[in-house]
Amino acid sequence: MKDINGVLRLVKEDGRIWISQGILNIKKVIHSDGGKYQCIIRNSIGEKRIESALIVTAPLAVHLRPPHQVLNIGQEATFNCNVTGYPVHSVTWKKDQRQLAASSRVRLLSRDVLHITSVRREDRGMYQCFVYNEADAAQGTAELKISDVAPTLISVFPEHTAHSGEAISLKCISTGNPVPRVTWYLDGSVIGQSPRITAGDYVSELGHVVNFLNISETRVEDSGEYQCHVSNDVGSVHHASRLNIYGPPFVRRMPNVTAISGEELIIRCPYGGHPIKGIRWLKGGILLPLNHRQKINHGGSLTIQSVEPEADKGEYTCVVRDSKGETASSSTYVSVVVSPVIEPHFFRESVTVDEGSRTKLMCVVTKGDQPLRFHWLKNGLPFLAHGDTTVQTFEDSSIVTFKKVASGDRGHYTCVAANMAASTNLTMQLIVNVPPQWTVEPRNTSVILGNTVWMDCAAVGFPAPNILWKKMIFTESTAGDFTYVHSSPRAHRYNNGTLVLSDVEENDAGSYLCQASNGIGAGLSKIITLQVLVPPRFKDPFQTKTVTEGIGLTLTCTAVGDEPIVIKWLKNKSLIDTKKLTRYSIRDTASKMETTSELHIATSSRNDTGMYTCAAVSEIGADEAGIKLIVQGKPDAPSNVSVINVTSRSISLQWEVLDNGNSHITGSIVQYQTFSDKNWNGQTSQLIVSSADTSATLRGLVPVTTYYVRIIAENALGRSQPSDVLEITTEEEAPSGAPTEVHVHSTGAQSMKVTWKPPPEETRNGVIKGYYVGYKMSASQEPYTFKQVEKAQEQLSTYITGLQPFTQYDIVIKAFNSAGAGPESTKIIGKTLETVPTSSPAFGKRETDLPFYKNVTLVIPIVVSSLVLVIVIFIVIVCLRKHSEDREGRLDYENRKDALMMSDMNKQLNIKSSKPSHYSCPAGNKGDYAEPYACIEPVSTRQASSDGLFATIKRCPTRPIYMSASYKQGVNTNQNPSFSCRSDGGNPNVKIPVQDGTGHSDTAGEKWSSNNQSNISHKSIR
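With this note's numbering as the guide, the letters of the sequence shown map in order to residues 666 to 1687.
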């Protein structure tokens, strides 16, 4: 049973289809045999059905009809995709190899028919119809050309009536492509140029061609029918209309006319003048019309339908009459001839013959005036007899005889028969069936693997042969059978029969069969062999190998391809010469389609690191494989070690590791110690630097200490040799310890002696430059006043003067070095002795070599003479005591030469000298002087002695400053003394106005000489 549209129908047996022992046999399968079949088995118990599907296939072929179309813009185009072969699963359309975009104007009437309404210029191109099934694909191609546009009249001139002397302009506006040409006619004759009549044209902004004919000073003879004839290479169009000029009637001379029997004849009357009341036609003096075939048209032309030779030949006269009764006439003679008629019975539209057979083409004329002339055209060109072809011409016929038809005789043959009246022709197609013949016979070929191969196979014949390609496939059940080569992404069969395989693979090699057939004869076939050549190629195009320095290693490359293959080794693009590199050896082995080469390196070193290349070369091609060899070892010792920064407690370093041993640096070790030990076996400290950092900072160091530093790099294979040793000394910092063993001794009512020892060695943090001795009254909230003491000896001491009598003082000491001052010592307490000075010292000037005098002035009030002796004894005791205090103070003053001391008063010094000078102050009326101090710079600390307050002046500022006494009649004013002095060297005089405690000033200044003068004058100041 066969399923036909869902209905099971019994299979009818015939000579082609039969059933034998339950087997359905179909001979010479056709497309309609395809479908679903059911085999039904029945017995007394029941039935069973088995369904099978028969799919009938045939090679696909596509023809797009018509293959060529040439249309004007605006016309319609239709393409039909005619498919042979089956099954057809899908049909797609493309234009110029791109998917066709459908629109309201371009649409598919069905999957096989493409229709284009109102063709546009952009529609021209190549159209393709692709047909696919699971096993095959085919395409058809057609071309659409857009022809040039024939002329079209847009605007024409109307009929016009004018008087003589007027100017007239006639215009015809047209468009077309190419640009149309215009010819002007008057009553059928071309109008020539004259001084009165000119013709011209121009193109408007819209692209229209404007043609004009200008007539100046019109005359009666200008009357008539004017015609503009517009033409280009594509076509032509014309327009005619009359121009009437007022005047008497006239008829131009008419030429004789030859008419063709059976056709229509129109005779125009070329008259002029205006107004015209009537036009008559006469034949042989008889007024026309005479029968139904004759007709006088509006405008005066005479029409004769179906002209008859005997009845219509003769003289015809046109007579025109105006309103005044004036007439004019002209005559012509009409001759009637019979045109040739070719009998179509002997001249059919087409004749089909086989190549090599005989045939004749007969052209017989059954009607027409003699003599007749015959000639033949083939495909539109004159045909001449040649070879086995002859042309015979008789009185009323012509015959072309082909004694042996060849494929070149195929074409369209046209017989042209002519006489004096006319010419006629008929065309016949001669179809010559030609069996296939090779134009390009397939040949054995070879191709390199991965390339593209073109296997040509071309044949001609009529109809055009169908080219098929097959490949021999070997299976387990067959020794070899040819199967169709279907189109695929890698295989493509062109219309000319060429089979193209791209990206050729090894399994593409084998035997191929090309068949050409067109139904004429047995057809052609040829078996060829395709050889796929395999160039060398490496299985592993790139490898990476890592080994440890010092061991032997082997690098291996295996190339696959047709032999012979030669393999060469290169290192870093340079050929390896085993004669020069004795540690290198190469061994090659070859087997079927495979060649292996081994490069052996004995006792590898880091210098063997690099890119190794296996270069395989054969006659077919070449290939390369790369092996990156990394020989790893310990890193090189760090180099370019440099110090970035040094502080008292840290050292910052940086370094480089020029060769990491082909292994990433995992860290660095910074070793350091405070003594030079070449073996570094002592107490060595170290800092571990992680990763590949190349800088580090050593912290927690000791100030002013020399450190020996070296660096070791480390990778996965071990540690490097140490770097060169750097010797680095840390910077100083302020002492971290205070002076020790601080003691204070009272040396008088206004002075004390302080002694101490330096801070411990480990806390000095540098070289001690001196000390700051600070003091303040214990009961005071004021800050300490510090006195700077330069370091002179290991056991240090200083005197603090200008203190208050019988007063308790807090004393601290700080050591200082180049980096700053350290911490204060533990506070100690001292107390001055109980006494009161009896007089106020006055200022004086003395040199450093003046003798020492007691600085005591006794004021003995003589009130009671009885107490003189007691007072004298008291004064002697006081003087002896002050003398002892002054001697101790002088030891301290010896280091303070050429200073200016002021006590018990406010004084201003305006010193006009730019150079440092030395000044001294008298202590009493007896010429005693206080110790000199140098005037170098201002200091804010106070110094006290038993003589009162004084200050040390070093490099002095220029502005005057007041200095107030801190001790006056036993009262502490808590004022810090400050003053300035200035000496320019050229004027050593110093003016010192004195201001007493009441605020009054003694303007009587004193002149004091500097210590660079030998003569010194002194004067007491009150």
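Backbone N, C-alpha and C fix where the C-beta goes; we use that ideal spot for every residue, glycine too.
| Item | Value |
| --- | --- |
| Beta-carbon within less than 6 Å of Arg1375's beta-carbon, same chain only, minus the 5 sequence neighbours each way: which residues are those? | Gln1336, Pro1387, Ser1388, Val1390 |
| Considering only C-alpha positions, which residue in the set Asp1475, Gly889, Val1438 is nearest to Gln1446? | Asp1475 |
| Three-state secondary structure (DSSP) at Gly1073? | helix |
| Report yes or no: do three or more beta-carbon pairs, one from the segment 986-999 and one from the segment 1057-1073, lie closer than 8 Å? | no |
| Between Ile1330 and Val1322, is the Cβ-Cβ spacing less than 8 Å? | yes |
| Within its chain, find whatever has a CB closer than 8 Å to the CB of Leu1037; leave out the 5 residues flanking it on each side and keep chain order. | Pro1005, Val1030, Glu1060, Asp1061, Ala1082, Ala1083, Asn1084 |
| Measure the C-alpha to C-alpha separation of His1265 and Thr1209 and round it to an integer number of angstroms. | 16 Å |
| For Leu908 and His825, which I take to be in contact (beta-carbon distance under 8 Å), what is that distance rounded to the nearest angstrom? | 5 Å |
| Starting from Asp977 and walking both ways along the alpha helix (DSSP H), at which residues does that stretch end? | 974-977 |
| Just tell me which of Gly1291, Ser1256, Asp1227, Gly1332 has its CA closest to the CA of Val1282. | Asp1227 |
| Which same chain residues, not among the five before or five after Thr840, have their C-beta less than 8 Å away from its C-beta? | Val814, Pro816, Thr817, Ile819, Gly872, His873, Val874 |
| Take the Cβ of Asp852 as the centre, count every other Cβ of all protein chains shown within 10 Å, and call the residue buried at 16 or more, exposed below. | buried |
| How long is the line joining the alpha carbons of Gly900 and Leu736, rounded to whole angstroms? | 14 Å |
| Restricting to runs no shorter than 3 residues, where is the beta strand (DSSP E) found entirely within the segment 1200-1258? | 1207-1213, 1218-1225, 1231-1236, 1249-1256 |
| Between the C-alpha atoms of Lys1441 and Val1535, what's the straight-line distance to the nearest angstrom? | 37 Å |
| Taking the straight line between their C-alpha atoms, what separation do you get for Val672 and Ala1174? | 48 Å |
| Do you know how far the Cα of Thr1268 is from the Cα of Gln1297? | 13 Å |
| For Gly938 and Val984, which I take to be in contact (beta-carbon distance under 8 Å), what is that distance rounded to the nearest angstrom? | Going by Cβ atoms, the distance from Gly938 to Val984 rounds to 13 Å, so no, they are not a contact pair. |
| For Leu1046, count neighbouring C-beta atoms within 10 Å of its own C-beta (all shown protein chains included) and say buried if the count is 16 or more, exposed if not. | exposed |
| Cutting at 7 Å between CB atoms, please list the residues of its own chain near Gly1115, excluding the five before and the five after it. | Asp1168, Val1169 |
| In its own chain, which residues sit with a C-beta less than 8 Å from the C-beta of Thr1054, not counting the 5 before and 5 after it? | Val1065, Thr1066, Phe1067, Lys1068, Asp1074 |
| Unbroken alpha helix (DSSP H) runs of length 4 or more, entirely within the segment 914-949: which are they? | none |
| Express the C-alpha separation of Leu967 and Ile951 in angstroms, rounding to a whole number. | 14 Å |
| To the nearest angstrom, how far is the alpha carbon of Ala807 from that of Leu765? | 14 Å |
| With C-beta atoms as the reference, is Tyr1464 less than 8 Å away from Thr1412? | yes |
| For Thr1428, name the three-state secondary structure that DSSP assigns. | helix |
| Which partner residues does Met1276 have in the DSSP bridge list? | Lys1293 |
| Cα separation between Glu1008 and Lys1043? | 19 Å |
| Taking DSSP's pairing of strands, which residues face Asp1061 in a bridge? | Note: Asp1061 sits in no beta bridge, so no partner. |
| Report buried or exposed for Gln703, applying the criterion of at least 16 other Cβ atoms within 10 angstroms of its Cβ. | exposed |
| In angstroms with no decimal places, state the Cα-to-Cα distance between Gly927 and Ile961. | 19 Å |
| Start and end of the beta strand (DSSP E) containing Val1354? | 1350-1355 |
| Met1276: buried (16+ other C-beta within 10 angstroms of its C-beta) or exposed? | exposed |
| Answer yes or no: do Ala742 and Ile684 have a C-beta to C-beta separation smaller than 8 Å? | no |
| Do Gly623 and Tyr1449 have their CB atoms nearer than 8 Å? | Nothing can be reported for residue 623: it is not among the residues displayed for the chain, which extend from 666 to 1687. |
| Could you tell me which residues DSSP pairs with Trp1320 in its beta bridges? | Its beta-bridge partners do not exist; DSSP assigns none. |
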